[in-house]
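Report on one structure; see the data block that follows.
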Amino acid sequence: MMILTAPLLLGLALPVPQPSTQDSAVLDAPAKTNLERALDTINADEIRSDLVFVASDVMGGRNSPSPQLKIAARFIRSRLMRYGFQPGAQEGSYLYEWQINQIGFNPEDAKVTIASGDETFEFSFGDDYLFPDFKSLGMRDGRGSVVFGGDMKADTLAELEVDGAWVLSTTGKGVSGKSRRALEKRGAVGVLVLPAEDASKTVKEALGARAARFSSKRLSFSPSANRAGFPMLHLTESAAKSLPLDSLEGLEAGAKVDWAVHEKCAYGDLGEITLENVAGIWPGSDPELKNEVIILSAHYDHVGERPDGTIFNGADDNGSGTCGMLAIAEALKEYGPMRRSVMLMWVSAEEKGLLGSEAWTKNPYLPGGLKPICNINIDMIGRNASDEFLITPTKKHPAYSALTQVAEANAESEGFTKIKSADAYWARSDHANFEQHMGLPVAFLFCDVHEDYHQPSDTPDKIDYDKMRRICRLVVRMLEDLQVDKPKF
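In this text, residue positions in the sequence shown follow this note's numbering: the first is 1, and each later residue adds one.
This is the structure in structure tokens:
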């Protein structure tokens, strides 16, 4: 490399670059407005990159609750932090925590012990025994003797002394609903079923798929009234063979069996759990209007996975709304402060009954004295015809307001020439809670269900990302129009 000395450099006559015609046109072009810059930053490929993660198999269907839902919440939180949003929850957090009772079956707390003489046999649910139905579930921990049920026919059972005892079946079958109710009324503890030697299916083959459904749990703000239930307990072949079956030979119906059964089952109120909504604030700039906040919402949960490992990715429902909100967040960063403040809220447990939005709207938290003025909710915005979307409330709905008109006024600018009614879906997404519990004007933007709704086939490859982009741009246009001094709604 040749090094030029300073004098030599001074003596060089360097050409001065002249602006090209194209450069001059750029220099003369008017600067883009805040809205134009914000709209331009919403990019279909960037939305796709987010959704491919949020709706990936590793996210396990984002069930409420689940570890994957917590990962999704922290992914959203990190993006809000990057864009400069202020925390929207208590104590400077982006995570609004709320509590709810979990009701269901805990198989780890389901155990059976059978004592015979000096021997004790311990069995675990799933491996050693199964229940045939939900009626067998309950909250109980008790002991009982065993009475042989013979042929298990109704007339035979009617003659047995069953108070405080399990009725033992060696036929491979339980009892009818009528006989079951009669046994329970007479004080029987349950029915203990040994597999039949000539059965065409094993116990696990016959009952395994049905019992797998017991793992699903529901959430409720009201504590469960626990019931004991009346179990029919089917031992598997291997469990039954471990017992001293020779002691059953020659027994007649009603005979006492030299066994004592201790059974424990946990089905009912399993205790309180904590879930999270994610909330970020984009502060306004107007000295007065900044205290008014527009709430944008989308649920970020889905329905999880089946016991066999089949994953419900939930790309459209509602990975589309989840990632669309991230795109809107970036657009607000590019726009800068609007006159009013904007809160972005991703809610959990929508799929369990709109519970996350119910929790927030019944106990809302807004930092710095902010006052909500309306809610725009987006859910399933990535499928069906590219030129249409649905909205509620329409003019035919009691909750109709000018907020719907704001969406309608901006629709054609984003290529939406058809707007259909979503009034039939009024109670099926989170906007309903904002209207019911807070009295806010709401607008729900939705692109309708499809053949993959709540199916494992709702995957990212089927999303119309350009349509998502335009829905997000529509929402930003709505936000712009809502900055007037006194919105009509």
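Ideal Cβ positions, reconstructed from N, Cα and C, are used throughout, including at glycine.
Pick from the options that is closest to residue i, judged by C-alpha positions
| i | options | result |
| --- | --- | --- |
| lysine 396 | Ala424, Arg340, Lys290 and Gly268 | Ala424 |
| proline 347 | His431, Ala206 and Ala327 | Looking at the sequence itself, residue 347 is valine, so the reference to proline does not match. Taking only the C-alpha atoms, the option nearest valine 347 is His431. |
| methionine 232 | Val189, Glu205, Asp269 and Ser247 | Val189 |
| serine 215 | Gly309, Asp387, Val191 and Leu366 | Gly309 |
| glutamate 305 | Cys472, Glu205, Asn377 and Ser56 | Ser56 |
| arginine 210 | Gly60, Lys462 and Leu137 | Leu137 |
| arginine 181 | Asn318, Phe230, Glu161 and Pro337 | Phe230 |
| leucine 192 | Glu263, Glu119, Pro65 and Asp481 | Glu263 |
| methionine 338 | Thr156, Glu480, Asn106 and Leu39 | Glu480 |
| alanine 115 | Leu403, Arg143, Ala89 and Pro107 | Arg143 |
| lysine 153 | Gly356, Ala253 and Ala239 | Ala253 |
| lysine 486 | Lys70, Ser124 and Ile373 | Ile373 |
| threonine 417 | Phe444, Leu474, Gly336 and Glu161 | Leu474 |
| alanine 196 | Ser179, Phe221 and Thr236 | Thr236 |
| histidine 450 | Pro398, Asn384, Ser222 and Glu435 | Asn384 |
| glutamine 436 | Ser200, Val162, Thr361 and Cys472 | Thr361 |
| alanine 89 | Gly439, Phe489 and Ala279 | Ala279 |
| phenylalanine 444 | Ser247, Ala407 and Gly84 | Ala407 |
| lysine 488 | Lys462, Lys420 and Ser401 | Ser401 |
| lysine 173 | Ser238, Asp109, Pro367 and Thr202 | Thr202 |
| leucine 326 | Glu36, Lys204, Asp151 and Ala44 | Ala44 |
| asparagine 101 | Asp387, Lys217, Ala399 and Lys333 | Lys217 |
| glutamate 292 | Glu334, Ala349, Leu332 and Gly368 | Gly368 |
| leucine 35 | Pro223, Leu332, Ala228 and Asp128 | Leu332 |
| valine 147 | Asp141, Arg140, Gly164 and Pro65 | Gly164 |
| leucine 69 | Arg37, Ala349, Ala212 and Val175 | Ala349 |
Cβ-based burial, residue i [other Cβ within 10 Å; buried from 16]
| i | result |
| --- | --- |
| histidine 234 | buried |
| aspartate 258 | exposed |
| tyrosine 94 | buried |
| isoleucine 245 | Looking at the sequence shown, residue 245 is not isoleucine but leucine. With fewer than 16 Cβ atoms within 10 Å of its Cβ, leucine 245 is classed as exposed. |
| methionine 81 | exposed |
| leucine 9 | Annotation note: pLDDT 37 at leucine 9 (below 50); position unreliable, no value reported. |
| glutamate 159 | exposed |
| aspartate 379 | buried |
| valine 484 | exposed |
| proline 441 | buried |
| isoleucine 328 | buried |
| tyrosine 365 | exposed |
| valine 58 | exposed |
| serine 247 | exposed |
| valine 261 | buried |
| lysine 467 | buried |
| glutamate 330 | buried |
| glycine 149 | buried |
| glutamine 99 | exposed |
| phenylalanine 221 | exposed |
| alanine 225 | exposed |
| serine 429 | buried |
| asparagine 363 | exposed |
| proline 227 | Reading off the sequence shown, one finds arginine at residue 227, where the question assumed proline. Result: exposed. |
| aspartate 128 | buried |
| alanine 72 | buried |
Inter-residue CB distance, residue i and residue j (contact presumed, cutoff 8 Å)
| i | j | result |
| --- | --- | --- |
| asparagine 410 | arginine 477 | 4 Å |
| glycine 415 | arginine 470 | 6 Å |
| aspartate 269 | isoleucine 42 | Between isoleucine 42 and aspartate 269 the Cβ distance is about 45 Å, and since that is not below 8 Å, they are no contact. |
| proline 456 | tryptophan 426 | Proline 456 to tryptophan 426, Cβ: 28 Å. No contact. |
| alanine 422 | leucine 370 | With 8 Å as the limit, alanine 422 and leucine 370 do not qualify as a contact, their Cβ atoms being about 28 Å apart. |
| methionine 358 | aspartate 301 | The displayed chain sequence assigns glutamate, not methionine, to residue 358. Between aspartate 301 and glutamate 358 the Cβ distance is about 14 Å, and since that is not below 8 Å, they are no contact. |
| glycine 314 | aspartate 464 | Not quite, the Cβ-Cβ distance comes to about 16 Å (not below 8 Å), so this is no contact. |
| glycine 187 | valine 162 | 6 Å |
| alanine 206 | alanine 110 | Contact flag wrong, Cβ pair sits at about 19 Å. |
| threonine 113 | phenylalanine 105 | That belief does not hold up - the Cβ atoms of threonine 113 and phenylalanine 105 are roughly 19 Å apart, past 8 Å. |
| leucine 194 | alanine 240 | 5 Å |
Practice problem: Check whether the segment 292-306 touches the segment 30-45, counting contact only when three or more Cβ pairs, one atom from each stretch, lie closer than 8 Å. | Solution: Judged by Cβ distances under 8 Å, the segment 292-306 makes no contact with the segment 30-45, as fewer than three pairs qualify.
Practice problem: Indicate whether the contact test is met: 3 or more Cβ pairs, each with one atom in the segment 168-179 and one in the segment 265-283, closer than 8 Å. | Solution: Taking 8 Å as the limit for Cβ pairs, the verdict is that the segment 265-283 does not touch the segment 168-179.
Practice problem: Ignoring anything shorter than 4 residues or poking outside the segment 351-398, list the alpha helix (DSSP H) runs there in chain order. | Solution: DSSP runs (the alpha helix (DSSP H)) wholly in the segment 351-398: 355-362.
Self-check item: Segment contact, 8 Å Cβ cut-off, at least three pairs: the segment 277-284 with the segment 131-143
Solution: Look at the beta carbons and you see the segment 277-284 not touching the segment 131-143: under three pairs across the two are nearer than 8 Å.
Quiz item: Can at least three beta-carbon pairs, one atom from the segment 321-333 and one from the segment 36-52, be found at a separation below 8 Å?
Solution: Verdict: yes, contact present.
Quiz item: Residue ranges of each beta strand (DSSP E) run of no fewer than 3 residues wholly in the segment 254-304, ordered along the chain?
Solution: Positions of the beta strand (DSSP E) runs, each at least 3 residues long and wholly inside the segment 254-304, are given as 256-282 and 292-299 in order along the chain.
Quiz item: Mind pulling the beta strand (DSSP E) runs of 3 or more residues that sit fully within the segment 115-154?
Solution: Here the runs fully enclosed are 119-124 and 139-148.
Quiz prompt | In chain order, each beta strand (DSSP E) run of at least 3 residues that lies wholly inside the segment 159-199 | solution = Counting only runs of 3 or more, we get 165-169 and 190-193.
Self-check item: Inter-stretch contact (C-beta, 8 Å, three-pair minimum) for the segment 69-84 and the segment 341-355
Solution: Note that the segment 69-84 touches the segment 341-355; at least 3 beta-carbon pairs, one per stretch, sit closer than 8 Å.
Self-check item: Start-end ranges of the beta strand (DSSP E) lying completely within the segment 210-255, minimum 3 residues
Solution: Runs of the beta strand (DSSP E) inside the segment 210-255: 218-220 and 232-235.
Quiz item: What runs of the beta strand (DSSP E), each 3 residues or longer, lie entirely inside the segment 60-112?
Solution: Whole beta strand (DSSP E) segments, 3+ residues: 95-105.
Quiz item: Can you give, in chain order, each stretch of the beta strand (DSSP E) that sits fully within the segment 431-473 and has at least 3 residues?
Solution: As far as the segment 431-473 is concerned, its whole beta strand (DSSP E) runs of at least 3 residues are 442-446.
Self-check item: 4 or more residues per run - each alpha helix (DSSP H) lying fully within the segment 396-426
Solution: List check, alpha helix (DSSP H) in window: 402-411.
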